[in-house]
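Enquirer: In terms of this note's numbering, the sequence shown is residues 56 to 124.
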Amino acid sequence: MLELDMAQRRQLAASAHHLNPVVMIGKDGLTENVISELDRNLLKHELIKIKVLEGDQKEPFFWNKFALH
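(1) Determine whether the beta carbon atoms of residue 90 and residue 96 lie at a separation below 8 Å.
(2) Give me the Cβ distance between residue 93 and residue 78, rounded to the nearest whole Å; I'm assuming they're in contact under 8 Å.
(3) Would DSSP call residue 77 helix, strand or coil?
(4) Out of 58, 88, 101, 85, which one is the CA nearest neighbour of residue 41?
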């Protein structure tokens, strides 16, 4: 997994500010369909924005699972 420092994260967030979310993660979480959609969009675009619709985004486990894919 690629490790980013805070300055790199800020730069990517600023670059993505104008983007619309291309993948939305709902109540079912990080399903195989969501992962496939993320892969497809990352191949098409270098940087994408995702939106997490449910309350799981505050859970560290959620982001660790997300980062593994």
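Ideal placement from N, C-alpha and C gives every residue a C-beta, glycine not left out. These numbers were taken from a predicted model, which means no experiment stands behind them.
Expert: This is what the structure holds:
(1) On the sequence shown, residue 90 is found 35 positions in, with the first residue counted as 1. On the sequence shown, residue 96 is found 41 positions in, with the first residue counted as 1. Not a contact, by the Cβ cut-off of 8 Å.
(2) The sequence position of residue 93 within the sequence shown is 38, counting from 1. The sequence position of residue 78 within the sequence shown is 23, counting from 1. Correct: roughly 5 Å between the Cβ atoms.
(3) One-based indexing of the sequence shown puts residue 77 at position 22. Looking at residue 77 - three-state DSSP - the assignment turns out to be coil, as it is neither helix nor strand.
(4) The displayed coordinates of the chain run from 56 to 124. Any statement about residue 41 would go beyond what the structure contains.
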